[in-house]
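Engineer: A single structure is presented below for examination.
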Amino acid sequence: MRDLEVHNLFKVAWAIRGLLYKIVFGQFSMPSYIGPPIFLFRSRRMYVGKRVRIFPNLRAECHGIGRLFIHDNVAIGQGLHVTCMGDLHIGESTLITGYVSITDIEHEYESIGVPVLDQITTWKKTEIGKNCFIGMGARIQAGTILGDGCIVGANSVVRGKFPDFCVIVGSPARIVKRYDPVSAQWQRC
């Protein structure tokens, strides 16, 4: 009986947080869940679809005109850090494991007499397609476009444009496999 009571308390807390998030976010569709603690900067520019599950320690920041779109049925592990200055999309049915960072922002560094923190920031379109898998500790850098069905290996540092249905690993990341629709098999590159 005790387990049922705890489970019901959890559901009540989840529902209350969901109602709060509907006020805090630009859009927060139910049933979705974000586990506390969270850090949000300009959360009214964040749009969360239905059936989104985000584990604790989310840090999400929208700078300037930036907007973050997390589409339906996305699952995100603990410790995601996402920052944007433009429109950053995480496609539906994508799985992002723990301690991943995603950004569309770059810090300038060329002026050696000026601290990096004081130099301008720029942004490049960054997008994660539908039904992608992002492995533990991966870094998705500014200017990365992942096609639908891409698999990113753990601890990969990803920058660039990648077509649908490919496996991307390494630092810097590169394609190691692609899905061939003719043979209906994954092929090594």
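For the sequence shown, my numbering begins at 48 and goes up steadily by one.
Note that CB positions come from ideal geometry on N, CA and C, so glycine has one too.
Going by DSSP in three states, V163 sits in which element: helix, strand or coil?
Structural biologist: As a position in the sequence shown, residue 163 is number 116, starting the count at 1. Reduced to three states, the DSSP call for V163 is helix.
Engineer: Assign V71 to one of three DSSP states: helix, strand, or coil.
Structural biologist: Position 24 of the sequence shown, counting from 1, holds the residue named residue 71. Helix, per DSSP.
Engineer: When you compare each of L193, F75 and F72 to H136 by their alpha carbons, which one comes out closest?
Structural biologist: Residue mapping note: residue 136 aligns to position 89 of the sequence shown, counting from 1. Checking every option, the nearest Cα to that of H136 belongs to L193.
Engineer: Considering Cα atoms alone, identify which of R221, R92 and R114 is closest to C197.
Structural biologist: On the sequence shown, position 150 is the one that residue 197 refers to. For the residues R221, R92 and R114, the minimum Cα distance to C197 belongs to R221.
Engineer: Quick one: Cα of S218 to Cα of I167, how far?
Structural biologist: Reading the sequence shown from its first residue, position 171 is the one you call residue 218. Reading the sequence shown from its first residue, position 120 is the one you call residue 167. Cα to Cα, S218 sits roughly 26 Å from I167.
Engineer: What did DSSP end up calling L127 once you bin it into helix, strand or coil?
Structural biologist: Counting from 1 along the sequence shown, the entry for residue 127 is found at position 80. The answer is coil: DSSP assigns L127 none of H, G, I, E or B.
Engineer: Who are A185's beta bridge partners in DSSP?
Structural biologist: Sequence index remark: in the sequence shown, residue 185 carries index 138 (1-based). Paired residues: none, contrary to the question.
Engineer: For a test of the three-state rule: what should DSSP assign to V121, helix, strand or coil?
Structural biologist: The residue given as residue 121 occupies position 74 in the sequence shown. V121 falls in the coil class under three-state DSSP.
Engineer: For C197, which beta-bridge partners are listed by DSSP?
Structural biologist: Counting from one through the sequence shown, the residue named residue 197 turns up at place 150. Paired residue(s): none; C197 is not in a bridge.
Engineer: The ligand COA and C236: does any heavy atom of the ligand fall closer than 7 Å to the residue's C-beta?
Structural biologist: This structure lacks the ligand COA, and indeed carries no ligand of any kind.
Engineer: Can you find the residues in the same chain that come closer than 6 Å, C-beta to C-beta, to R106, ignoring five residues on each side of it along the sequence?
Structural biologist: Position 59 of the sequence shown, counted from the first residue, corresponds to residue 106. Hits under 6 Å: F86 and H128.
Engineer: Excluding the 5 residues flanking Q74 on each side, which residues of the same chain have their C-beta closer than 6 Å to its C-beta?
Structural biologist: Taking the sequence shown and counting its residues from 1, one reaches residue 74 at position 27. Here the set comprises Y94.
Engineer: In three-state DSSP terms, what is S148?
Structural biologist: One-based indexing of the sequence shown puts residue 148 at position 101. The answer is strand: DSSP assigns S148 an E or B state.
Engineer: Could you tell me the boundaries of the beta strand (DSSP E) in which G217 lies?
Structural biologist: Residue 217 sits at position 170 when you count from the first residue of the sequence shown. C213 to G217 is the span of the beta strand (DSSP E), which, as asked, contains G217.
Engineer: Within a Cβ cutoff of 6 Å, which residues of the same chain sit near T150, ignoring the five residues on either side of it in sequence?
Structural biologist: For this step, residue 150 is matched to residue 103 along the sequence shown. Cβ within range, chain order: T130 and A189.
Engineer: Please classify T173 as buried or exposed, where buried requires at least 16 other C-beta atoms within 10 Å of its C-beta.
Structural biologist: For the purposes of this step, residue 173 is identified with residue 126 of the sequence shown, where counting begins at 1. Result: buried.
Engineer: Return helix, strand or coil for V59, following the three-state DSSP convention.
Structural biologist: On the sequence shown, residue 59 is found 12 positions in, with the first residue counted as 1. Note: V59 maps to helix in three-state DSSP.
Engineer: With N104 and G138 assumed to form a contact (beta carbons below 8 Å), what rounded beta-carbon distance in angstroms separates them?
Structural biologist: Taking the sequence shown and counting its residues from 1, the one referred to as residue 104 is at position 57. Taking the sequence shown and counting its residues from 1, the one referred to as residue 138 is at position 91. Contact flag wrong, Cβ pair sits at about 22 Å.
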